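Data block below; observations after.
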Amino acid sequence: MALSDKWLVRKTLGIDFPGTTSPVVSRLAHVHIPDQFRRPDRSIEIPGFGRLPFGHSRFDRGGMIYAEFEPGRSMLGTIELSPPVAEVPMSLAELRESTRRVLGVDIPFEEPKGPGPHSLRRINGQNTRHAEHYRDGRILLLGDAAHVHSPLGGPGLNLGLQDTMNLGWKLAAQINGTAPAGLLDTYQSERYPVGQRVMMHSLAQTALMAPGPEVAALLTLLGELFTIPDVQKHMAALLAGSDVRYNVGDDHPLSGRLVPELILDDGRRVSELLHDARPVLLDVDGSVAAAVHGWADRVDTVSANVADRPAAAMLIRPDGYVAWATDTFGPAEEAGLQAALQRWFGPESSGKQR
58 MALSDKWLVR
68 KTLGIDFPGT
78 TSPVVSRLAH
88 VHIPDQFRRP
98 DRSIEIPGFG
108 RLPFGHSRFD
118 RGGMIYAEFE
128 PGRSMLGTIE
138 LSPPVAEVPM
148 SLAELRESTR
158 RVLGVDIPFE
168 EPKGPGPHSL
178 RRINGQNTRH
188 AEHYRDGRIL
198 LLGDAAHVHS
208 PLGGPGLNLG
218 LQDTMNLGWK
228 LAAQINGTAP
238 AGLLDTYQSE
248 RYPVGQRVMM
258 HSLAQTALMA
268 PGPEVAALLT
278 LLGELFTIPD
288 VQKHMAALLA
298 GSDVRYNVGD
308 DHPLSGRLVP
318 ELILDDGRRV
328 SELLHDARPV
338 LLDVDGSVAA
348 AVHGWADRVD
358 TVSANVADRP
368 AAAMLIRPDG
378 YVAWATDTFG
388 PAEEAGLQAA
398 LQRWFGPESS
408 GKQR
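Okay, here's the thing in structure tokens:
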């Protein structure tokens, strides 16, 4: 679906798309960098300036983007804090002038090699916008239809994929007639706060690209903080979207979080158990499996040992999030498991193993 189609659906429904448009002009193009300027670490050596590293770089007068994803064809871009410019076709000459403003020197690039297609674009303004709500009856928004933001840090891919995973299994349950009441509404309640959080740190990264000594000082301070292991862990999880915790109605430390990347005693990774897009009860203790008999038509049970096991048993949703977990298993825990099964996968049935 084209972006315009996504906007049309959202606008036709009357779903607002509030947010901000930052006064930024970005330019991006495929170019050819002659071999004498390319370095083994994927940086380029610019005469009169020095080394421009792979990725995003911030300078006093703007930002630079450089990446060579395939030999002989590089992606080169600039980010300038500027009001919109005339909507005329982008040219390499315009990009060259922009790189000169940012770096103070010319970058030795040429027309891209090969048949293309080659990127050559300008973006006036950086939108950071979030749909007022994700659901209107039978229509649900996800990905770019639900949120747009700066690509800095690359959070959009994981955000859209997790939207899709979250909604996909719930739609399948609705279509198959096994969804409990209100299941589709949890797409909004679970994913909307995640979208808000991405908007927050996306805007923060845009602010850090701004020129000026104040921003340079802030970046120096952040650089010091990022040497602290706990800060590194926190920021890595924030950017990857792996710090998400849903309210699943269970208070075990694992519940509501992505299942840990465990390896079973038979060599399988826990993620392999989810390839059939069905819920999985991972019974490490060996005494839990019988409690899910009434959901055997919808829930797969795997009994296996795990080194350094994080729990005695875990109920894992098809999107990889833990719906219930326990360290011991008795009558109270069995009641909690069955409540989780009903909450996420519908009422008990006679069910038969597949």
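Heads up, the sequence shown is in my numbering, so the first residue is 58 and it goes up one at a time. Just so you know, even glycine gets a beta-carbon here, dropped at the ideal spot from N, CA and C. Since the model is a prediction, treat every value here as computed from it, not as a measurement.
Residues of the same chain with a CB within less than 7 Å of the CB of Gly213, apart from the 5 flanking positions on each side, are His206 in chain order. For Ser406, there is no enclosing beta strand (DSSP E), as DSSP marks it with neither H nor E. According to the DSSP assignment, His113 belongs to the beta strand (DSSP E) that extends over 112 to 116. Judged by pairs of C-beta atoms under 8 Å, the segment 275 to 283 does not touch the segment 223 to 235, as fewer than three such pairs exist. Taking C-alpha positions only, Arg157 is separated from Gln219 by approximately 40 Å.
The three-state secondary structure of Ser344, taken from DSSP, is coil. Counting of Cβ neighbours within 10 angstroms places His187 among the buried residues, the total reaching 16 or more. Between Pro270 and Gly211, the alpha-carbon positions lie close to 26 Å from each other.
About 6 Å separates the CB atoms of Arg178 and Met147; that is less than 8 Å, so the two are in contact. For the 8 Å CB-CB criterion, Ile373 and Leu339 form a contact.
Rounded to whole angstroms, Asp193 and Ala238 show a C-alpha spacing of 16 Å. Counting along the chain, the unbroken alpha helix (DSSP H) around Leu214 starts and ends at 212 to 233.
Here Ala382 is near Ala370, since their CB atoms are less than 8 Å apart. Leu138 and Glu127 have their C-alpha atoms roughly 29 Å apart. Your pair Ala334 and Trp401 does not check out as a contact, with CB atoms roughly 14 Å apart and the cut at 8 Å. Taking the Cβ atoms as the reference, Gly171 lies roughly 34 Å from Ser79, outside the contact range of under 8 Å. Per DSSP, Val301 lies in no alpha helix (DSSP H) segment and is marked neither H nor E. In the DSSP assignment, His291 falls within the alpha helix (DSSP H) that extends over 286 to 297. Beta-bridge annotation (DSSP): Ile320 is paired with Arg326. Out of Leu228, Ser155, Leu398, Leu160, the CA that lies nearest to the CA of Phe106 is found in Leu160. Look at the segment 90 to 169 and you find these whole runs of beta strand (DSSP E), each 3 residues long or longer: 101 to 103, 107 to 109, 112 to 116, 119 to 127, 130 to 138.
One Cα belongs to Ser344, the other to Gly351, and the distance between them is close to 16 Å. With a contact defined as Cβ atoms closer than 8 Å, Arg67 and Ala202 qualify at about 6 Å. In the assembly as shown, His87 is a buried residue. Its beta-carbon has 16 or more other beta-carbons within 10 Å. Within the segment 346 to 373, not a single complete alpha helix (DSSP H) segment reaches 4 residues in length. Residues of the same chain with a CB within less than 7 Å of the CB of Ser114, apart from the 5 flanking positions on each side, are Gly120, Met121 in chain order.
If you draw a 10 Å sphere on the C-beta of Asp376, you find 16 or more other C-beta atoms in it, and that means buried. In this structure, the beta-carbon distance from Leu85 to Thr185 does not fall below 8 Å.
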